[in-house]
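Novice:
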Amino acid sequence: MAEQLALVVREVERLVTAPYVPSLQDLYGVVQQCSLSTIESWAFCKPCQVSALGDVLVEALSRSRVALPLLTAFSNASSFRDALLNRRQMILDAFLQKALETHEHEYIPACVALLSSPLPPDAVPPARIAPFITKLVGMMPDNPCAETITPLYTIMKGLQGSPKILDDIPSEVMSNLQVEFTKTLRNFDDHMGNLLCLGTFAQIALARSSPSQNQHGSEAPSWLLNINHFFGPKRGLKTLDLVVLRVILACSSSCNLGPSQAAESIKLAIYIVDAIQLDQKQIWMASNSSKLAKLCEKAGRDGLDDEIRTMVIIFLLGLVPAKSLPSQVRDFGSNALLYKDSQAVLASTSGESTTQYLLNFACSTLKENDSQDQKTVSKLRLASLVLAGLREVDPKLLLSNISSSMAAFKQGLVGMLESFSKRPSKDSCNESNVCLSQQCKLQNELFVSLIKLHNSVSSAQNGGDTLMQSLVGNDFSSRRASRNWRQDMTSAFMETSRNTHTTMMQKIEDVCFELERRCYDVEGPVRAAEEQRDRIAEENHQLKEHIEQQETRLSEFSEFFAGLHDENTRLEEQMQSESARVEQLSKSLASVKEELQGQQWQSEKAICLEKEQARSKELEMMAALTEKDDQIEDLQEEMRLLQTEHERIRQTLDQVSKEKDSSLDTSGLMREEIAGMRDSLEQSRLLAVQKEDEIKRLLAAKDDLRMQVATLKSTTNEQNTEVERLINVLQESEEQMSSEIEKIKQDHSVKVSRVTSEMTKQEDQIRQLQAAMHAATLDASRNTQLKDKRIAHLEKKIQAFRDERAAKAREFSEAQQHIGRLMGVMGFSSNAPESTSPKHQRARSSINPIEAASPQQPISDDEDAQLAESFESLASFNGPTPKRPRGNRPPQALTTPSAVPRPKGPSPTKGMPQSARQPLAAANNKSPIKPQASNLSKHSEVDASFQQSQAQENVEGHRLQDFDLDMDLEFSKDFLFSSTAFTGSNDQAVP
């Protein structure tokens, strides 16, 4: 053990003093070979390494896989655990969260180790302890053995300082724990399992000291009462029997446990016995002296391990007073605690000498301050425990044993007073296996304990603190003044400076280490946040792509649904036939189960209602789809691409229909079986009626026989015998018939249940098909809504086009009016009524290309070109209006072929008389054509043509829905004026 302790101290020292991040593999290899006692000895001998090692292990959790097992191993030592919780208050809650919310089972042993001893007084228990215990209880029934029970026992032992945590655990969980532990106690082959179950019960009973009421004043739960029964009058004696038998087995040579495990089992037995009520112990001892004798015999067996022997003696002292034990057992206890030389000395001394030697052992241990090793620290600890035991003894009884040596005892204390209090001889204990500060602390505490023991004994002797009075009378002044005071002061200053420098450097190192650790801790979340940000950005990009793909697929499926409505109709017909067949099957089973018929009727009614709703929705969708057939023509190419997917779905539906047909065949077979069962049941009923008739006939025969017996007393005995025989036969036939009827009923019930299960499966399949149909209907409704939205969007766009065309038409009308006025001013007013119709016709053809496609005579491109050239020649003449020549012949240069009216062109003034064109000489000079009248007639004709074009736009506006409405209808100013130029060229006249 000393070698293992030295290895642990060396490895821990290397870790806590390393200037870089150390590796934990070497320490992990050493700890794997150490026992819990070695780790506890390290924590006691080197407390200066405890906190530093805890910080190193916690910081290494994120980068080393052995940090958590090491933390678990060292946390079993209570001093290490307390130091860890004081410096890292969140670690227990963090480990509990990991153990509860993740599947990392390695955190469970760590949590158990942190909860293995009572929490520090200033620590608040985490709220996750109760759920953690619930999880352990849930894991235990799968494999109830020592490995799964030990964590619960350890936690219950650690909860002695916080018993109210048990109130947060649900009563069902604790009841399950009590039941499973009770089952484990019935397995006598599991030695440690039985003791661990009883030990857990003992810890719970000690934690909940009030068995009848809890902390709220209400009645205690049933599981707690059942646990208390193990230590009370109801089952306390049986518990003692089991525990004593287990201790005897642990001491016997046939025990298959190792020495440490056997000692641990006896320690569990001690805890269990302490929880049993005192009166139950006394009752058991009065009636089981033979078992106590057997246990004492086992304790004195040769070859028994010293640890086991010591634990057995402690167990016996918990049951029987020390005076009642055999002297041999008491000698075993003293021999196990003392060294062999001490045993030889004590063998020849009295009780007074024994007490004196114990005090001399404590004083000698206190004076041996030269060695600095584990042995010295262990002796100091043992001496402190011995003094603690002596202080528990009555001072008067102790005085009677050491009265003769009180003066020497006091002189020894006064002699040691000069060297106390002890201080470490070195500033650092890196080269030692023990902490020098810890050793000095133990020496000072032992010296104070000796002084307190002396004061208590002196107070019992003369009622005064004699040691303190003698200490006051002593002269503590220096015997001789130093003459070399300068050198002494220099040495003192140098020592003070050295200590200050060492302390300052240590503080600086601690600050630097803490700063480095904090920087690393701060950078860790930043790195994690950056990685999480990149990961979230990548996921966001992927999600966007996925959304785009899904939108594309959604649009494809929305169009694909139009091709599936025929298949949906066929499925509905199959569903109707299936529903009819299911209804027939339900009617055939109505006599067996009426409640099922009512539920089926309700389900069929709901199905019919849903079908009607689906039909109405489908009719509406068909109406909407019929109106939009023209738009669907553009998507026929995509429909061809989806035909393959449609074929696959059709194959799936065919397979489903085949499965339905097979299920229908099965239903027909079931109906046939039910009909056969009914026939057999009817035959059974007929047979029973026949038997009843036979019974009646036999009863009638019996009555006849009785009448014959009354008349014929001589043959009474023979007739009675015959009647008894017939009665027996009748009873046997009745029993046989009743058994047959019962068997037939059982067979019938089995067949009915089988048919019912098959029917339930059919109903489940029907529900699945209905859910698929409902999902398809929902998809169709969503697609219809999307198309309605698109139609509304297109209608808005059409309205915008209409507004734009109306505005351009108004501009066109204003331009025509302006041109008319301009031409009136210029004098081109002849044949104005004849030219208005072609002008508006060309204007309408330029604005509304759909109207231009109507069956009217089109204007040729040659004529348009000639009109444009004539108007351009007139428009390019910038001089004044030329005067008419003096001849009677009109100028031929101004006449154009376009002035001749077209015979086939439509004209709004067709019914009006047209005046023939006259030569200018034949015209009446006194009544020239007035431009204003021509302007008025032209304006009226323009307004009429504009109203007609507006009416035609309203009529033909609905036709625009059937065309692509995304075309750009733009009318440039050149186009408008060129059309006007064409019209104006026809209105030219000779000036």
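Per the UniProt record's numbering, the sequence shown runs over residues 1 to 991. Where a beta carbon is used, it is the ideal one built from N, C-alpha and C, also for glycine. Nothing here was measured: the structure is a model prediction, and the numbers come from that model.
1. Cα separation between L358 and S222?
2. With a threshold of 7 Å, establish whether the CB of D510 neighbours any heavy atom of the ligand COA.
3. Identify whether residue 992 lies in helix, strand or coil by the three-state DSSP scheme.
4. Checking 8 Å against the spacing of the C-beta atoms, do R281 and I248 come in under that value?
5. With DSSP run on the structure shown, which of helix, strand or coil describes D279?
6. Identify whether D302 lies in helix, strand or coil by the three-state DSSP scheme.
7. Report the option in C429, K410, N444, F447 whose CA atom is closest to the CA atom of S458.
8. Which class does Q443 belong to by DSSP, given the choice of helix, strand or coil?
9. Just to confirm the assignment, what range does the alpha helix (DSSP H) spanning P151 have?
10. For A202, tell me which candidate among C145, L268, P144, P259 has the shortest Cα-Cα distance.
11. Please state whether DSSP places K611 in a helix, a strand or coil.
12. Quick check: the segment 782 to 796 against the segment 571 to 583, are there 3 or more CB pairs under 8 Å?
13. To the nearest angstrom, how far is it from the Cα of A408 to the Cα of F315?
14. When you compare only the Cα positions, how much space is there between A923 and F812?
15. Going by C-alpha distance, which of V750, S753, A688, E795 is nearest E735?
16. How many angstroms separate the CA atom of I266 from the CA atom of H501?
17. With a threshold of 8 Å, are at least 3 pairs of Cβ atoms found where one atom belongs to the segment 771 to 784 and the other to the segment 560 to 572?
18. Using C-beta distances below 8 Å, list every residue in its chain close to V386, excluding the 5 sequence neighbours before and after it, in chain order.
19. To the nearest angstrom, how far is it from the Cα of K452 to the Cα of Q438?
20. Taking the straight line between their C-alpha atoms, what separation do you get for A809 and Q631?
21. Here's the rule: buried if 16 or more other CB atoms are within 10 angstroms of the residue's CB, otherwise exposed. What is Y20?
22. Please list, in chain order, all residues of the same chain as G193 whose beta carbon is under 8 Å from its beta carbon, the five residues on each side excluded.
23. What are the boundary residues of the alpha helix (DSSP H) that includes G193?
24. In this structure, how does DSSP classify A18 when only helix, strand and coil are distinguished?
25. Taking DSSP as the reference, what is the three-state secondary structure of M621?
26. Tell me the rounded alpha-carbon separation between Q261 and V377.
27. Taking N176 as part of the alpha helix (DSSP H), name the residues at either end of that continuous run.
28. If you count every other CB in all the chains shown that lies within 10 Å of the CB of W42, and 16 or more means buried, which is it?
29. Measure the CB-CB distance between Q574 and S657 and report whether it falls below 8 Å.
30. Does the distance from the C-beta atom of E620 to that of E604 stay below 8 Å?
31. To the nearest whole angstrom, what separates the beta carbons of P125 and I165, a pair I think is in contact under 8 Å?
32. Counting only the same chain and skipping the five closest in sequence on each side, list residues whose C-beta sits under 7 Å from that of A748.
33. Secondary structure at T297, three-state DSSP: helix, strand or coil?
34. To the nearest angstrom, report how far apart F74 and G138 are at their CA atoms.
35. Grouping DSSP H, G and I as helix and E and B as strand, with all else coil, what is V31?
Specialist: Quick look at the numbers:
1. Spanning the two alpha carbons is a distance of roughly 51 Å.
2. With respect to small molecules bound, the structure shown includes none, and the ligand COA cannot be examined in it.
3. Outside the shown range of the chain, which is 1 to 991, sits residue 992, and nothing can be said about it.
4. Sequence check: residue 281 is Lys here, not Arg. Against a cut-off of 8 Å, the Cβ pair of I248 and K281 comes out as no contact.
5. D279: helix per DSSP, three-state reduction.
6. Assigned with DSSP and collapsed to three states, D302 falls in coil, not helix or strand.
7. Considering only C429, K410, N444, F447, the residue with the shortest C-alpha distance to S458 is K410.
8. Helix.
9. That run of the alpha helix (DSSP H) goes 146 to 158.
10. When only C-alpha atoms are compared, the closest one is L268.
11. K611: helix per DSSP, three-state reduction.
12. Here the segment 782 to 796 makes no contact with the segment 571 to 583; the two share fewer than three CB pairs at distances below 8 Å.
13. In a straight line, the C-alpha of A408 is about 38 Å away from that of F315.
14. Any reading at A923 is ruled out, since the residue's pLDDT is 41, under 50, leaving its predicted position unreliable.
15. Nearest of V750, S753, A688, E795 to E735, Cα basis: A688.
16. Approximately 54 Å, taken between the alpha carbons.
17. Segment contact: the segment 771 to 784 against the segment 560 to 572, three or more CB-CB distances shorter than 8 Å; contact assigned.
18. Excluding sequence neighbours, V386 sits near L358, F361, A362.
19. Between K452 and Q438, the alpha-carbon positions lie close to 21 Å from each other.
20. Just so you know, the alpha carbons of A809 and Q631 end up roughly 29 Å apart.
21. Answer is exposed; the Cβ neighbour count stays below 16.
22. Same-chain partners within the cutoff: P144, C145, A146, I149, T184, N187.
23. Per DSSP, G193 belongs to the alpha helix (DSSP H) from 191 to 207.
24. Correct three-state label for A18: coil.
25. Residue state, collapsed to three classes: helix.
26. Spanning the alpha carbons of Q261 and V377 requires a straight line of approximately 27 Å.
27. For N176, the enclosing alpha helix (DSSP H) covers residues 171 to 185.
28. So W42 ends up on the buried side.
29. Closer than 8 Å, so yes.
30. Between E620 and E604, the gap from beta carbon to beta carbon reaches 8 Å or more.
31. The Cβ separation is near 6 Å, so the contact holds.
32. Reading the sequence as shown, one finds His at residue 748 and not Ala. M677, L681.
33. The amino acid occupying residue 297 in the given sequence is Glu; Thr does not appear at that position. Reduced to three states, the DSSP call for E297 is helix.
34. Counting only the Cα atoms, G138 lies some 27 Å from F74.
35. Reduced to three states, the DSSP call for V31 is helix.
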